[in-house]
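Colleague: Below are the structure tokens for one structure; questions will follow.
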Amino acid sequence: MRPRPLFWQIFPVNLLISLCTVLAVSWYAIATFTTFYYEQMVVDIEARAILLEQKILDLLMESPDALQKFCRQAGRRARTRITVVAPNGAVLADSDEDPQRMEQHGNRPEISQAYSGQTGSSLRFSRTLHQDMLYVAVPLSIKSDSKPAALRLSVPATALNTVLETIGQRIFLASALIILLAAVFSHRLARRISRPLEKIRQGAEQLSSGEKNKLITFHERSISVEMNSLIISLNRMAEQLMERIMLTRRQHNELAAVFSSMTEAVLAVDAEECVIRMNRAAGHLFRIDPHLGKEHPVQGILRHPELMEMIRATLRHNHSTEAEIELFDGQQHIALEVRVVPLQDNVGQPVGALLVMDDVTRLNRLENVRRDFVANVSHELKTPITVIRGYVETLLDGGVDAHADGKNFLQIVLRQTGRLDAIIDDLLSLSRIENKTGDRDALLDFALGNLNPVLHAALQTCAFKADEKQIRLELHCPPDIKAVHNPALLEEAVINLLNNAIAYSPVGSSVIVRAKVQQDGGKLLIGIQDKGCGIRKEHLDRIFERFYRCDKARSRESGGTGLGLSIVKHIAQSHGGTVEVESQFGRGSTFFLKLPDPSCLS
Ligand code: ADP
3 MRPRPLFWQI FPVNLLISLC TVLAVSWYAI ATFTTFYYEQ MVVDIEARAI LLEQKILDLL
63 MESPDALQKF CRQAGRRART RITVVAPNGA VLADSDEDPQ RMEQHGNRPE ISQAYSGQTG
123 SSLRFSRTLH QDMLYVAVPL SIKSDSKPAA LRLSVPATAL NTVLETIGQR IFLASALIIL
183 LAAVFSHRLA RRISRPLEKI RQGAEQLSSG EKNKLITFHE RSISVEMNSL IISLNRMAEQ
243 LMERIMLTRR QHNELAAVFS SMTEAVLAVD AEECVIRMNR AAGHLFRIDP HLGKEHPVQG
303 ILRHPELMEM IRATLRHNHS TEAEIELFDG QQHIALEVRV VPLQDNVGQP VGALLVMDDV
363 TRLNRLENVR RDFVANVSHE LKTPITVIRG YVETLLDGGV DAHADGKNFL QIVLRQTGRL
423 DAIIDDLLSL SRIENKTGDR DALLDFALGN LNPVLHAALQ TCAFKADEKQ IRLELHCPPD
483 IKAVHNPALL EEAVINLLNN AIAYSPVGSS VIVRAKVQQD GGKLLIGIQD KGCGIRKEHL
543 DRIFERFYRC DKARSRESGG TGLGLSIVKH IAQSHGGTVE VESQFGRGST FFLKLPDPSC
603 LS
């Protein structure tokens, strides 16, 4: 059966009970009234009969005619039918009819009762008078030892019916009024019970929809104590629930924020190998919207047999697996450190697996760089050390005695130690600049200043070396050109570039240093141009790497360490700039230091 509203369960039942009660009471009242009125009429008519009894007995003894006459007169005056019935049932006199023509009356119920010595009464339709009549008969004892005659008085029942009808109408009206009142009160009662419950239901619905301020409010004075305490308890419960929901929501948001901002790609799958959840990094790695990936088979997203095998192994055996795998995302190879751990519910049952993937491509690259660097440094240091060792051993084996050779050997040893010194110096400067580049703001010695003094000082430092090769150094620099710079570092960078230009230029050529503001790029350019050997195209991308040389023999011969350009690159970066090169093999090169133009800095 379909559940009905509480109001419709209370109101009709209440009304029905009231209706039945009113009907029962009305019926009982009408029945009692009828009986009472009937009995009263019977007593009244009986009293009249008793009053007539003696007179009738006397006339009965006297003559039938006198009796008939008396009955007729008395009956007319009292508007009562008077009938005298002999003990044998024959009618002796009647106020309304001729007794001769009347049938036997001995079998009438009231007459039978009167014959037995009691007052008899009956309410019935009179065939003689054609209407309802109330008959009352009393015994008339003619002789004490013989059967009595009967004196019957009867009145039309219309009076009784009229009275009963009136009483019935009043009772009906009263009943209708009571039923109306009962309906009104039942309605109010049903509403009073159902409304708070309805309010509670609405409040609970609003609570479940998560509207915090919609607790149950009920301003009705006639609310019952029980309902009031129920509402208070529910509101208290709702508040606590709200607090818990807010706490859970906050924790959920925090977790979601942590989850989505994790740099590791995280992906959770259920026991059916469908994605439960993935974070932004995972979406980025597999090129899929993390929200769209949900509930999709993981195989369609990962498409990597080794990864799938790891997930399946974890799901099957409920243990963690770890491996480093390589992915190709269509553009590049990505090295991933993958850990797959089983996911368990709160009773420890396996429900899926969690993949945590760490992109270690950069780490691997850095590790390779570090390894190469160590190998390069070792190699660079080993070469002069081997030379030194060889000559020192030769000297110890007697070379000291051959004076000319000894001096020569010692000069070589001196040159090689100088080379070692240069390599270590360059490594130290590189490390110093690299440290500063990592934390540029921490440096206090970057300030806006004119570039002229820096460039002049660099040219002066290199002048001796240039003179040795009869190379002319030229400087073209506007007098007011300014940049945010560290003079010592910038001078070191320009010296390195000038030294290279001098070293790789032929005797008698010229090296030009130009400083200018780049019109469209918001940069300051310091260009060092030479007309030297130039650099082949294939080397251009790599010459700024540590220890990279285009021509190893020539570099060593010129005293180069292979670190000069790397130092320049880091100095440029520490100034927020770059270093670039344009070169034509055999015709010369121009290195550009590009620094931010202070007039464009906000
Ligand atoms: P090095 O100390 O060997 O000069 P650098 O890092 O300064 O090392 O330069 C790297 C390489 O770039 C050099 O070995 C050289 O081959 C090439 N190079 C640098 N500057 C010039 C230049 N001005 N002209 C030609 N080649 C150059």
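FYI, in this note's numbering the residues of the sequence shown are 3 to 604. Glycine residues also receive a C-beta, built at the ideal position from the N, C-alpha and C atoms.
1) Between the alpha carbons of Thr-34 and Tyr-40, how many angstroms are there, rounded?
2) Can you find a heavy atom of ligand 1 that lies under 7 Å from the Cβ of Asp-360?
3) Closest by CA to Phe-549, which one among Glu-395, Leu-383 and His-458?
4) On the CB-based measure, 16 or more other CB atoms within 10 Å of its CB, does Arg-589 come out buried or exposed?
5) Excluding the 5 residues flanking Ala-95 on each side, which residues of the same chain have their C-beta closer than 6 Å to its C-beta?
6) Going by DSSP, which residues form a beta bridge with Arg-516?
7) Roughly how many angstroms lie between the CA atoms of Ala-444 and Val-362, to the nearest whole one?
8) Considering Cα atoms alone, identify which of Thr-265, Leu-18 and Leu-142 is closest to Asp-60.
9) Rounded to a whole number of angstroms, what is the C-alpha to C-alpha distance between Val-15 and Ser-28?
10) Distance, Cα to Cα, Arg-246 vs Leu-236?
11) Using DSSP with H/G/I as helix, E/B as strand and the rest coil, what is Leu-595?
12) Where does the unbroken beta strand (DSSP E) through Pro-158 begin, and where does it stop?
13) Given this structure, state the Cα-to-Cα distance separating Leu-21 from Ser-226, to the nearest angstrom.
14) State the DSSP-derived secondary structure class of Gln-120, mapped to helix, strand or coil.
15) Since I believe Met-135 is in contact with Arg-129 (beta carbons under 8 Å), could you give me their beta-carbon distance rounded to a whole number of angstroms?
16) Report back the beta-carbon spacing between Ala-267 and Leu-294 to the nearest angstrom; my notes put them in contact at under 8 Å.
17) I want to know whether the region 532-545 touches the region 404-424 - three or more CB-CB distances under 8 Å.
18) Report yes or no: do three or more beta-carbon pairs, one from the region 276-284 and one from the region 310-322, lie closer than 8 Å?
19) Give me the Cα-Cα distance between Asp-423 and Ser-507, rounded to the nearest whole angstrom.
20) Quick check for students: name the residue ranges of the beta strand (DSSP E) that lie wholly in the region 294-359, counting only runs of 3 or more.
21) Counting only the same chain and skipping the five closest in sequence on each side, list residues whose C-beta sits under 6 Å from that of Arg-551.
22) At the level of alpha carbons, what is the spacing between Ser-576 and Ile-435?
23) Report the residue from Gln-334, Asn-255 and His-321 whose alpha carbon sits nearest the alpha carbon of Gln-351.
24) Report the rounded CA-to-CA distance for Arg-78 versus Ser-177, giving the unit in angstroms.
25) Under 8 Å, with one C-beta from each stretch per pair, do the region 390-402 and the region 521-537 reach the 3-pair mark?
26) How many whole angstroms separate the CB atoms of Ile-12 and Ile-195, which I take to be in contact at a CB cut-off of 8 Å?
27) Counting only beta-carbon atoms, is Arg-78 nearer than 8 Å to chain B?
28) For a test of the three-state rule: what should DSSP assign to Gly-579, helix, strand or coil?
29) Does the distance from the CB of Val-260 to the CB of Leu-269 come in under 8 Å?
30) Can you tell me whether DSSP reads Asp-443 as helix, strand or coil?
31) Report the option in Arg-279, Val-389 and Glu-470 whose CA atom is closest to the CA atom of His-298.
32) Which residue from Leu-153, Gln-334 and Leu-131 puts its Cα closest to that of Lys-57?
33) Pull up the distance between the alpha-carbon of Pro-307 and that of Gln-242, whole angstroms please.
34) If you drop the 5 nearest sequence neighbours on each side, which residues of the same chain put their C-beta closer than 8 Å to that of Ala-355?
35) Can you tell me the Cβ-Cβ gap for Pro-111 and Lys-149, rounded? I've got them flagged as a contact below 8 Å.
36) Any heavy atom of ligand 1 closer than 7 Å to the CB of Arg-551?
Modeller: Taking the definition as stated:
1) Rounded to the nearest whole angstrom, the C-alpha separation of Thr-34 and Tyr-40 is 10 Å.
2) No, Cβ of Asp-360 sits at least 7 Å from all heavy atoms of ligand 1.
3) The candidate whose alpha carbon is nearest that of Phe-549 is Leu-383.
4) Exposed is the call here.
5) Counting only Cβ-Cβ distances below 6 Å, and skipping sequence neighbours, we find Leu-69, Gln-70, Cys-73, Val-86 and Pro-101.
6) DSSP lists His-478 and Gly-529 as partners of Arg-516.
7) In this prediction, Ala-444 has a pLDDT of 44, which is less than 50 and means its spatial position is unreliable; what the coordinates show is noted afterwards. A straight-line Cα-Cα distance of about 29 Å links Ala-444 and Val-362.
8) Of Thr-265, Leu-18 and Leu-142, the residue nearest in Cα terms is Leu-142.
9) The alpha-carbon atoms of Val-15 and Ser-28 are separated by roughly 20 Å.
10) Cα-Cα distance, rounded: 15 Å.
11) DSSP places Leu-595 in strand when its eight states are reduced to three.
12) Unbroken beta strand (DSSP E) run through Pro-158: 151-158.
13) Spanning the two alpha carbons is a distance of roughly 26 Å.
14) The answer is coil: DSSP assigns Gln-120 none of H, G, I, E or B.
15) Wrong, their Cβ atoms sit about 10 Å apart, outside the cutoff.
16) About 16 Å separates the two Cβ atoms, so there is no contact after all.
17) The answer is no - the region 404-424 does not touch the region 532-545, with fewer than three Cβ pairs under 8 Å.
18) Touching, no, given that fewer than three Cβ pairs across the two stretches are closer than 8 Å.
19) One C-alpha to the other measures close to 25 Å.
20) Along the length of the region 294-359, whole beta strand (DSSP E) runs at least 3 residues long occupy 323-330 and 335-346, reported in chain order.
21) Excluding residues within five positions, the ones whose Cβ falls inside 6 Å are Ser-557 and Gly-564.
22) About 7 Å.
23) Checking every option, the nearest Cα to that of Gln-351 belongs to His-321.
24) Roughly 41 Å separates the two Cα atoms.
25) Taking one beta carbon from each stretch, the region 390-402 and the region 521-537 have fewer than 3 pairs nearer than 8 Å; the two do not touch.
26) With a Cβ gap of about 6 Å, Ile-12 and Ile-195 count as contacting.
27) Any reference to chain B falls outside this structure, which holds one protein chain only.
28) In the three-state reduction of the DSSP assignment, Gly-579 falls in the coil class, being assigned neither a helical nor a strand state.
29) At a Cβ-Cβ threshold of 8 Å, Val-260 and Leu-269 do not count as neighbours.
30) Residue placement at Asp-443 is poorly supported in this model, since its pLDDT is 47, which falls under 50; the coordinates are not used for a value here.
31) Nearest to His-298 by C-alpha distance, out of Arg-279, Val-389 and Glu-470, is Arg-279.
32) When each option's Cα is compared against that of Lys-57, the closest is Leu-153.
33) Their Cα atoms are separated by approximately 49 Å.
34) Ala-270, Val-271, Ile-313, Thr-316, Leu-317, Val-342, Val-343, Pro-344 and Leu-345, listed in sequence order.
35) The pair is not a contact, with the Cβ atoms about 17 Å apart (cut-off 8 Å).
36) Because some heavy atom of ligand 1 lies under 7 Å away, the Cβ of Arg-551 counts as near it: yes.
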